[in-house]
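**Student:** The numbering of the sequence shown is UniProt numbering, which starts it at 7 and goes up by one.
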Amino acid sequence: GLPARVRIHEVGARDGLQNEKATVPTDVKAEFVHRLAAAGLDTVEATSFVHPKWVPQLADAEQLFPRLGDIEGVHLPVLVPNERGLDRALDLGARRIAVFGSATESFARRNLNRSVAESLAMFEPVVARAKGAGVHVRGYLSMCFGDPWEGPVPVDQVVGTAKALMDLGCDELSLGDTIGVATPGHVRALLTGLNDQGVGTEAIGVHFHDTYGQALSNTLAALQHGVTTVDASAGGLGGCPYAKSATGNLATEDLVWMLRGLGIETGVDLTALTATSTWLAGHLGRPSPSRTVRALAGT
Ligand code: HMG
Ligand code: MG
Numbered sequence: 007g008l009p010a011r012v013r014i015h016e017v018g019a020r021d022g023l024q025n026e027k028a029t030v031p032t033d034v035k036a037e038f039v040h041r042l043a044a045a046g047l048d049t050v051e052a053t054s055f056v057h058p059k060w061v062p063q064l065a066d067a068e069q070l071f072p073r074l075g076d077i078e079g080v081h082l083p084v085l086v087p088n089e090r091g092l093d094r095a096l097d098l099g100a101r102r103i104a105v106f107g108s109a110t111e112s113f114a115r116r117n118l119n120r121s122v123a124e125s126l127a128m129f130e131p132v133v134a135r136a137k138g139a140g141v142h143v144r145g146y147l148s149m150c151f152g153d154p155w156e157g158p159v160p161v162d163q164v165v166g167t168a169k170a171l172m173d174l175g176c177d178e179l180s181l182g183d184t185i186g187v188a189t190p191g192h193v194r195a196l197l198t199g200l201n202d203q204g205v206g207t208e209a210i211g212v213h214f215h216d217t218y219g220q221a222l223s224n225t226l227a228a229l230q231h232g233v234t235t236v237d238a239s240a241g242g243l244g245g246c247p248y249a250k251s252a253t254g255n256l257a258t259e260d261l262v263w264m265l266r267g268l269g270i271e272t273g274v275d276l277t278a279l280t281a282t283s284t285w286l287a288g289h290l291g292r293p294s295p296s297r298t299v300r301a302l303a304g305t
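1) In three-state terms, what does DSSP make of residue 201?
2) Do three or more CB pairs link the segment 281-293 to the segment 224-237 at distances below 8 Å?
3) Spatial neighbours of residue 228 within its chain, please: CB distance less than 6 Å, with the 5 preceding and 5 following residues excluded, ordered by chain position.
4) State the CB to CB distance for the pair residue 179 and residue 132, rounded to an integer number of angstroms; the pair is presumed to be in contact (CB under 8 Å).
5) Under 7 Å: does the beta carbon of residue 242 sit that close to some heavy atom of the ligand MG?
6) Thinking residue 188 and residue 149 are a contact (beta carbons under 8 Å), I'd like their distance in whole angstroms, please.
7) With burial defined as no fewer than 16 other Cβ atoms inside 10 Å of the residue's Cβ, what is the status of residue 263: buried or exposed?
8) Grab me the residues of residue 160's own chain with a C-beta within less than 7 Å of its C-beta, minus the 5 sequence neighbours each way, in chain order.
9) Distance check for residue 50 and residue 140, CA to CA, integer angstroms please.
10) What do you reckon, is the C-beta of residue 38 under 7 Å from a heavy atom of the ligand HMG?
11) Is residue 155 a contact residue of the ligand NAD, with contact defined as CB to any heavy atom under 7 Å?
12) Could you tell me the boundaries of the alpha helix (DSSP H) in which residue 235 lies?
13) Is the Cβ-Cβ distance between residue 273 and residue 21 less than 8 Å?
14) My parser needs the alpha helix (DSSP H) runs of 4 or more residues fully inside the segment 61-149; what are they?
15) Considering only residues of the same chain and omitting the five flanking positions on each side of residue 8, which have a CB-CB separation below 8 Å?
16) Quick check: is any heavy atom of the ligand HMG less than 7 Å from the C-beta of residue 63?
17) Compute every distance between the C-beta of residue 297 and the non-hydrogen atoms of the ligand HMG, then say whether any falls below 7 Å.
18) Who does residue 160 pair with in a DSSP beta bridge?
19) Which one of 256, 40 and 82 has the shortest CA to CA distance from residue 224?
20) Suppose you measure from the CA of residue 28 to the CA of residue 206; what does that come to, to the nearest Å?
21) Taking the alpha carbon of residue 31 as the point to measure from, which residue in 42, 45 and 62 has its own alpha carbon closest?
22) Could you spell out where the alpha helix (DSSP H) holding residue 222 opens and where it closes?
23) Please report the straight-line C-alpha distance between residue 281 and residue 77, rounded to a whole angstrom.
24) How about residue 167 and residue 215: are their beta carbons less than 8 Å apart?
25) Taking 7 Å as the cut-off, is the beta-carbon of residue 29 closer than that to any non-hydrogen atom of the ligand MG?
26) Measuring alpha carbon to alpha carbon, tell me which of 182, 138, 258 and 162 ends up nearest residue 201.
27) When the distance is taken between beta carbons, is residue 136 closer than 8 Å to residue 125?
28) For the ligand MG, is there any heavy atom lying closer than 7 Å to the beta carbon of residue 57?
29) Tell me, which residues are paired with residue 214 by DSSP?
30) Please report the distance separating the alpha-carbon of residue 295 from that of residue 23.
31) Pull the bridge partners of residue 50 from the DSSP assignment, please.
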């Protein structure tokens, strides 16, 4: 069976924008997050407290985050790689954070300048301190299906790292198909592998990229397995600055279109969301890659 409701974890303002070469003004980012919240998205990932040299686009986190304080009833998680990032986030009153690990050594090195084990050691005090402060913690795991340098990633390897991440005390786990190579059978195999090792489906979210056009099929497979949290990016923005072959995330509009057709509740106003992505595309200077945005906007 399928769930009656899906919680969309909107990542456009973070995962989507982090890869944009031209600096997007803080004003535009603030309006983007406000419009996403107004369109009914109740979890809008806002920015990252990472080293500004690693992700220059999000170097304005200190300016942006305080401008979102008037948004009520909407979770505004932020990415935090280490204690320095946690301090920055807590200073501004963040109530939800996400650490981000990798299932592969190659990506851990490139994204965090650490081995997998060293990154888990880096996250340990972050998660402990966050939980101690009553802050909700999401654990992202990248390269859960394939890796641009290592090829296909074995399910056992992903499950091992996922368990280690959850054992730190994360409240939820997001399975990242960072380069978009997953197919539905692989999704089912990974979810089953996680369940077998005690990671329950209720704690799992899925994070698909649409490189090979499989993001919606993979999402449906995950929903059929019982997953109810799906990451998506307004307008299909995104990629990853440290994984060259990554293209856009699953577009939130494409996801909402499918879920609406299935009678699954999301709380999202598709018209308002499409208008938001069309507006942002104007700022970025190119049309949204989302098929649903193009169809609804008539472009
Ligand atoms: P490092 O160079 O090893 O850092 O980078 P370090 O610990 O050696 O510190 C070096 C200097 O950086 C120090 O300053 C620190 O204070 C400073 P100094 O003492 O030399 O003056 N520093 C910081 N400054 C500000 N904020 C911080 C911070 N940390 C250290 N948080 C580090 C290690 C983790 C910092 C770096 O690798 C980094 O920032 N990486 C972030 C990369 C990133 O954001 N990638 C994109 C997100 S992951 C993703 O998109 C995938 C996902 O969407 C899911 C999917 O699709 O798979 C989540
Ligand atoms: Mg991503």
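Ideal Cβ placement from N, Cα and C applies to all residues, glycine included.
**Tutor:** The structure says:
1) On the sequence shown, position 195 is the one that residue 201 refers to. Looking at residue 201 - three-state DSSP - the assignment turns out to be helix.
2) Touching, no, given that fewer than three Cβ pairs across the two stretches are closer than 8 Å.
3) Indexing the sequence shown from 1 puts residue 228 at position 222. Cβ contact annotation for residue 228 (same chain, cutoff 6 Å, sequence separation greater than five): 193 and 212, in chain order.
4) Taking the first residue of the sequence shown as 1, we reach residue 179 at position 173. Taking the first residue of the sequence shown as 1, we reach residue 132 at position 126. The pair is not a contact, with the Cβ atoms about 15 Å apart (cut-off 8 Å).
5) Here residue 242 corresponds to residue number 236 of the sequence shown, with the count starting at 1. Answer for residue 242: no, Cβ out of range of the ligand MG.
6) By one-based count along the sequence shown, residue 188 stands at place 182. By one-based count along the sequence shown, residue 149 stands at place 143. Their Cβ separation, rounded to whole angstroms, is 11 Å, which puts residue 188 and residue 149 out of contact at 8 Å.
7) Taking the sequence shown and counting its residues from 1, the one referred to as residue 263 is at position 257. Residue 263 is classed as buried because its beta carbon has at least 16 other beta carbons within 10 Å across all chains shown.
8) As a working mapping, residue 160 is identified with position 154 in the sequence shown. If we look at residue 160 and ignore the five residues flanking it on each side, it has no Cβ neighbours.
9) For the purposes of this step, residue 140 is taken as residue 134 along the sequence shown, with counting starting at 1. For the purposes of this step, residue 50 is taken as residue 44 along the sequence shown, with counting starting at 1. Cα to Cα, the separation comes out at about 19 Å.
10) Position 32 of the sequence shown, counted from the start, is the residue given in the question as residue 38. No, the ligand HMG has no heavy atom inside 7 Å of this Cβ.
11) Ligands present in the displayed structure are limited to the ligand HMG and the ligand MG, and the ligand NAD is not among them.
12) Here residue 235 refers to the residue found at position 229 when the sequence shown is read from its first residue. It is not in any alpha helix (DSSP H) - residue 235 instead sits in the beta strand (DSSP E) that spans 235-238.
13) Within the sequence shown, numbered from 1, the residue matching residue 273 stands at position 267. Within the sequence shown, numbered from 1, the residue matching residue 21 stands at position 15. Not a contact, by the Cβ cut-off of 8 Å.
14) 67-70, 89-97, 111-118 and 122-138, all fully within the segment 61-149.
15) Counting from one through the sequence shown, the residue named residue 8 turns up at place 2. For residue 8, where only same-chain residues beyond five positions count, the Cβ hits under 8 Å are 229, 230, 268 and 270.
16) Here residue 63 refers to the residue found at position 57 when the sequence shown is read from its first residue. Between the ligand HMG and residue 63, a heavy atom-to-CB distance of less than 7 Å is absent.
17) Your numbering for residue 297 matches position 291 in the sequence shown. A distance criterion of 7 Å places the beta-carbon of residue 297 beyond contact range of the ligand HMG, judged by its closest non-hydrogen atom.
18) Position 154 of the sequence shown holds residue 160. DSSP output for residue 160 lists no bridge partner at all.
19) As a first step, residue 224 must be located in the sequence shown, where it is residue number 218. Checked all of 256, 40 and 82; the closest Cα to residue 224 is 256.
20) Translated into the one-based positions of the sequence shown, residue 28 becomes position 22. Translated into the one-based positions of the sequence shown, residue 206 becomes position 200. Taking the straight line joining both Cα atoms gives about 40 Å.
21) As a working mapping, residue 31 is identified with position 25 in the sequence shown. Of the listed residues, the one whose Cα sits closest to residue 31 is 62.
22) As a first step, residue 222 must be located in the sequence shown, where it is residue number 216. Run containing residue 222: 221-230, per the alpha helix (DSSP H) assignment.
23) Here residue 281 refers to the residue found at position 275 of the sequence shown. Here residue 77 refers to the residue found at position 71 of the sequence shown. For residue 281 and residue 77, the distance between alpha carbons rounds to 19 Å.
24) Position 161 of the sequence shown, counted from the first residue, corresponds to residue 167. Position 209 of the sequence shown, counted from the first residue, corresponds to residue 215. Not in contact: residue 167 and residue 215 (Cβ atoms no closer than 8 Å).
25) One-based indexing of the sequence shown puts residue 29 at position 23. No, the beta carbon of residue 29 sits no closer than 7 Å to any heavy atom of the ligand MG.
26) Counting from one through the sequence shown, the residue named residue 201 turns up at place 195. That would be 162, whose Cα lies nearest to the Cα of residue 201.
27) Looking up residue 125 in the sequence shown gives position 119. Looking up residue 136 in the sequence shown gives position 130. Taking 8 Å as the Cβ cut-off, residue 125 and residue 136 do not qualify as a contacting pair.
28) As a first step, residue 57 must be located in the sequence shown, where it is residue number 51. Incorrect: residue 57 has no Cβ contact closer than 7 Å to the ligand MG.
29) Here residue 214 refers to the residue found at position 208 when the sequence shown is read from its first residue. Beta-bridge pairing links residue 214 to 183.
30) One-based indexing of the sequence shown puts residue 295 at position 289. One-based indexing of the sequence shown puts residue 23 at position 17. Straight-line Cα distance between these residues: approximately 14 Å.
31) Within the sequence shown, residue 50 is the residue found at index 44, counting from 1. Answer is 16.
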